[in-house]
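*Asks:* Residue numbers (the numbering used here): 106 to 481.
Idealized CB from N, CA, C, for every residue including glycine.
All of these numbers come straight from a predicted model, not from anything done at the bench.
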């Protein structure tokens, strides 16, 4: 389990404090009783009203220290997938010495976005509690600022206090992994038939991925649980159709202004990059990644450690505005013809397919997944 984030040594900032609706009503009744007691010279009314005012005055002290006597620790993974929830463990300890805390309502915000809400029941001094939660899905990116809002009051509900604690903890939300259809064409020759099977990856029944049914697939490869979800027939891919290239280079580029390219296309293209990279690393096949948002610097993914480093960089990747196709051609010209290219873009395939040199052996990824082609 990674090191937790804690409220220890984190200052509590009072955002709002004052009488609740009930407290205001009690104060008005107590004040009215004192005034009536003075007007009618009634000592009982004066004593009753004074007791109410003293109760209100005394309530402010335990009301203020209720949330401040709690210490929180948060346990969560260092990275998670975009658009997926992740486990979240909260440990709460009462560090006070005298008063039990009233129920405290907590709200955690990641980078300003409401994510988790929970309630801590009343705790006696020295006691603690643990809560197992599940977060809401977060967008891709690096989330560093946490804001913990604590809302507490006196046990009678006379006062309400809202505190905020700012915590520092990095959470890398990496792109989700998706496999494009074109990746299953790796290892086929120009006629579409599998090449020589020597050196083929894995054993006969090694599972690789799920994909849509295509003509010629064996019926025994149908994955019935996934097919029953209403997305058509889903095939269980257990092996590559042929021998994989020895050296593969994945190229990512963006062409066209951002005003014409929807943001979800960029996220989808990044998901293809993530899925292909994870597949190759899991298959013990090194993959060299060159992307325009990396200034086309080589990122070699060949181990789990290098994969995690690459995923963290993809988490903060930003689209390059109108990436130059001439620069792409220059990068392609520097790559050996013996290397197999996997080209991914968030732009429509017809905008850049003619800029891929014919002499390169390349698999071209269509971000729309409407059709796929292979240039040889």
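Going by DSSP, what residue range makes up the beta strand (DSSP E) through residue 266?
*Replies:* 264–279
*Asks:* Between residue 359 and residue 450, which are expected to be in contact by the criterion C-beta below 8 Å, what is the C-beta distance as a whole number of angstroms?
*Replies:* 6 Å
*Asks:* Could you check the C-alpha separation between residue 125 and residue 418 for me, to the nearest Å?
*Replies:* 48 Å
*Asks:* Since residue 386 is in the alpha helix (DSSP H), which residue starts that stretch and which ends it?
*Replies:* 368–387
*Asks:* Tell me the start and end of each unbroken alpha helix (DSSP H) in the stretch 383–453 that is at least 4 residues and wholly inside, in chain order.
*Replies:* 409–420 and 430–438
*Asks:* On the three-state DSSP scale, how would you describe residue 294?
*Replies:* Only weak support exists for where residue 294 lies, its pLDDT of 45 falling under 50; the value from the coordinates is given anyway. Coil.
*Asks:* Determine, using beta-carbon pairs with one atom in the stretch 222–240 and one in the stretch 198–209, whether at least three such pairs fall under 8 Å.
*Replies:* yes
*Asks:* Report the rounded CA-to-CA distance for residue 362 versus residue 452, giving the unit in angstroms.
*Replies:* 10 Å
*Asks:* In terms of DSSP beta bridges, what is residue 123 paired with?
*Replies:* DSSP lists 265 as partners of residue 123.
*Asks:* At the level of alpha carbons, what is the spacing between residue 353 and residue 402?
*Replies:* Distance from the CA of residue 353 to the CA of residue 402, rounded to the nearest whole angstrom, comes to 15 Å.
*Asks:* Round the Cβ separation of residue 245 and residue 270 to the nearest angstrom and send it over; I've been treating them as touching at under 8 Å.
*Replies:* So it is not a contact: roughly 26 Å between Cβ atoms.
*Asks:* Determine the direct distance from the alpha carbon of residue 225 to that of residue 208, and round the result to whole angstroms.
*Replies:* 6 Å
*Asks:* Using only CA atoms, which one of 248, 422 and 442 lies nearest to residue 350?
*Replies:* 442
*Asks:* Taking one C-beta from the stretch 237–244 and one from the stretch 176–192 each time, how about it: are there three or more such pairs within less than 8 Å?
*Replies:* yes
*Asks:* Who are residue 210's beta bridge partners in DSSP?
*Replies:* 224 and 256
*Asks:* Buried or exposed for residue 316, going by 16 or more other Cβ atoms inside 10 Å?
*Replies:* buried
*Asks:* What is the rounded straight-line gap between the Cα of residue 470 and the Cα of residue 175?
*Replies:* 53 Å
*Asks:* Determine the DSSP secondary structure at residue 331, reduced to helix, strand or coil.
*Replies:* helix
*Asks:* Would you report the Cα separation of residue 286 and residue 474, rounded to the nearest angstrom?
*Replies:* 7 Å
*Asks:* Between which two residues does the beta strand (DSSP E) harbouring residue 234 extend?
*Replies:* 233–239
*Asks:* Buried or exposed for residue 339, going by 16 or more other Cβ atoms inside 10 Å?
*Replies:* buried
*Asks:* Counting pairs of Cβ atoms below 8 Å between the stretch 325–337 and the stretch 414–429, do you hit three or more?
*Replies:* no
*Asks:* Can you name the residues that DSSP bridges to residue 177?
*Replies:* As DSSP reads the structure, residue 177 sits in a beta bridge with 197.
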